[in-house]
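Student: Okay, so the sequence shown: first residue is 1 according to my numbering, each after it adds one. Below you will find the structure I want to go over with you.
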Amino acid sequence: SAESCSTPSGSFLGRLRHFIDVIDPSTLFVSEKRLKECVKLLDDYKHGELPPGVSDLQLWEAQKIKQAIIHPDTGEKIFMPFRMSGYVPFGTPIWLNQSHNACVNFANRNATKPTPTSEFLQGYVGAVTSAVSIAVGLNVLIQKANRLSPATRMIIQRLVPFPAVASANICNVGLMRHSELSEGIDVLDDNGNVVGSSKIAARHAITETAFTRVVLPMPIFVLPPIIMSYLERLRFLQSNRRLLLPVHSLVCLVTFGLSLPVAISLFPQMSQIEVSSLEPEIAMATDCKVLTYNKGL
Numbered sequence: 001s002a003e004s005c006s007t008p009s010g011s012f013l014g015r016l017r018h019f020i021d022v023i024d025p026s027t028l029f030v031s032e033k034r035l036k037e038c039v040k041l042l043d044d045y046k047h048g049e050l051p052p053g054v055s056d057l058q059l060w061e062a063q064k065i066k067q068a069i070i071h072p073d074t075g076e077k078i079f080m081p082f083r084m085s086g087y088v089p090f091g092t093p094i095w096l097n098q099s100h101n102a103c104v105n106f107a108n109r110n111a112t113k114p115t116p117t118s119e120f121l122q123g124y125v126g127a128v129t130s131a132v133s134i135a136v137g138l139n140v141l142i143q144k145a146n147r148l149s150p151a152t153r154m155i156i157q158r159l160v161p162f163p164a165v166a167s168a169n170i171c172n173v174g175l176m177r178h179s180e181l182s183e184g185i186d187v188l189d190d191n192g193n194v195v196g197s198s199k200i201a202a203r204h205a206i207t208e209t210a211f212t213r214v215v216l217p218m219p220i221f222v223l224p225p226i227i228m229s230y231l232e233r234l235r236f237l238q239s240n241r242r243l244l245l246p247v248h249s250l251v252c253l254v255t256f257g258l259s260l261p262v263a264i265s266l267f268p269q270m271s272q273i274e275v276s277s278l279e280p281e282i283a284m285a286t287d288c289k290v291l292t293y294n295k296g297l
């Protein structure tokens, strides 16, 4: 029946627990042998051929490792620095940072359609150029703010960075995944069968992902200044001022590590969409009321 075609997407807390697992730094050091063992164990479970003595904990660990490393569409390994677990510790000069962001966005996209190298390069150049331009424009604006009154300068310095970073992140996601908008992405029924390719679902996927990139930097602009205002009062740091920068960097790293799973948990990775809102040819090809697509991360 049509009702049987829909599946629950889970709760926010459930997704949060899942993505905390996915960004576990230990998954960056899983060997090829260990990965193959996990994939085989899950395949054995799927086909009812599970070896005796395998616990639920072992199965969950295998699932965690597979989902952290293997792309759900291609079945291929995601290059280590571009996995979500490799996203957290990466902090570099702005152009290199945005290059890394672009590769993360591409590696974790919906990959149901092939992306030609030329389109990847166009998206990469556009994403990095636009993001860096926004960052440079921000610096120029702040420099000009020095000529303004102290109150106005303080407002600009506090309010401008977040929209600038959020805008750069949105541009990066949109340009690195622009081919999805022109090609569409696969939408699946409850049995995992491809019903069709939808540009409407692609718009939803990119919009949802872009929104997570707006939420992602919010805690970084709020929490580290508050935390550091307390830490800087400690006698230990007051007498060891050279440690302020490493401590500040660590606080930012921890904050980003906490904000990342929160942001990517806002929407299910395997999102659902009403068939009635999709293209007519897709609605005519299925009896399901709801279809699923990989939003990407």
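By construction, the Cβ of each residue, glycine as well, lies at the ideal position given by its N, Cα and C atoms.
Buried or exposed for LEU96, going by 16 or more other Cβ atoms inside 10 Å?
Tutor: Position 96 of the sequence shown, counting from 1, holds the residue named residue 96. Result: exposed.
Student: Out of THR292, ALA164 and ASN191, point me to the one whose CA is closest to ARG298's CA.
Tutor: Residue 298 cannot be examined here, being either before or after the span of the chain that is shown, 1 to 297.
Student: With burial defined as no fewer than 16 other Cβ atoms inside 10 Å of the residue's Cβ, what is the status of GLU32: buried or exposed?
Tutor: Counting from 1 along the sequence shown, the entry for residue 32 is found at position 32. Classification of GLU32: exposed, given that the 10 Å Cβ count is below 16.
Student: Using DSSP with H/G/I as helix, E/B as strand and the rest coil, what is ASN294?
Tutor: Counted from its first residue, the sequence shown places residue 294 at position 294. If DSSP states are grouped into helix, strand and coil, ASN294 belongs with the strands.
Student: Would you identify the three-state DSSP class for ILE185, choosing helix, strand or coil?
Tutor: Here residue 185 refers to the residue found at position 185 of the sequence shown. If DSSP states are grouped into helix, strand and coil, ILE185 belongs with the strands.
Student: Only counting runs of 4 or more residues, tell me where the alpha helix (DSSP H) segments fall wholly within the region 69–121, in order along the chain.
Tutor: List check, alpha helix (DSSP H) in window: 94–107.
Student: List the endpoints of the continuous alpha helix (DSSP H) containing GLU279.
Tutor: As a first step, residue 279 must be located in the sequence shown, where it is residue number 279. Where GLU279 is concerned, there is no enclosing alpha helix (DSSP H), given that its DSSP letter is neither H nor E.
Student: Looking only at its chain, what residues have a beta carbon closer than 8 angstroms to the beta carbon of ILE220, apart from the 5 residues adjacent to it on each side?
Tutor: Here residue 220 refers to the residue found at position 220 when the sequence shown is read from its first residue. Closer than 8 angstroms at the Cβ level, and outside the excluded window around ILE220, lie CYS252, THR255, PHE256 and SER259.
Student: Looking only at C-alpha atoms, which of THR286, ASN294, SER277 and PRO268 sits nearest to LEU13?
Tutor: As a working note, residue 13 is residue 13 in the sequence shown. Nearest of THR286, ASN294, SER277 and PRO268 to LEU13, Cα basis: PRO268.
Student: Would you check if the distance between the CB atom of ALA127 and the CB atom of ALA107 is smaller than 7 angstroms?
Tutor: Indexing the sequence shown from 1 puts residue 127 at position 127. Indexing the sequence shown from 1 puts residue 107 at position 107. No, the pair does not count as a contact, with Cβ atoms beyond the cut-off.
Student: What three-state label does DSSP hand GLN272 in the structure shown?
Tutor: The residue labelled residue 272 in the question sits at position 272 within the sequence shown. DSSP places GLN272 in strand when its eight states are reduced to three.
Student: Spatial neighbours of SER133 within its chain, please: C-beta separation below 7 angstroms, excluding the five flanking residues on both sides.
Tutor: As a working mapping, residue 133 is identified with position 133 in the sequence shown. For SER133, where only same-chain residues beyond five positions count, there are no Cβ hits under 7 angstroms.
Student: So, helix, strand or coil for TYR55, using DSSP?
Tutor: Mapped onto the sequence shown, residue 55 falls at position 55. The sequence shown places Ser at residue 55, rather than the Tyr named in the question. In this structure, SER55 counts as coil in the three-state DSSP scheme.
Student: Tell me the DSSP secondary structure of SER4 in three-state form.
Tutor: As a position in the sequence shown, residue 4 is number 4, starting the count at 1. Summary for SER4: the model assigns pLDDT 40, below 50, so the residue's position carries little reliability; its value from the coordinates is reported in the next sentence. In the structure shown, SER4 sits in a helix (DSSP, three-state: H, G or I).
Student: From which residue to which residue does the beta strand (DSSP E) around SER149 run?
Tutor: Locating residue 149 in the sequence shown gives position 149, counting from the first residue. Counting along the chain, SER149 falls outside any beta strand (DSSP E), and DSSP gives it neither H nor E.
Student: Strictly by DSSP, which residues pair up with SER198?
Tutor: As a position in the sequence shown, residue 198 is number 198, starting the count at 1. In DSSP, SER198 forms a bridge with ILE185.
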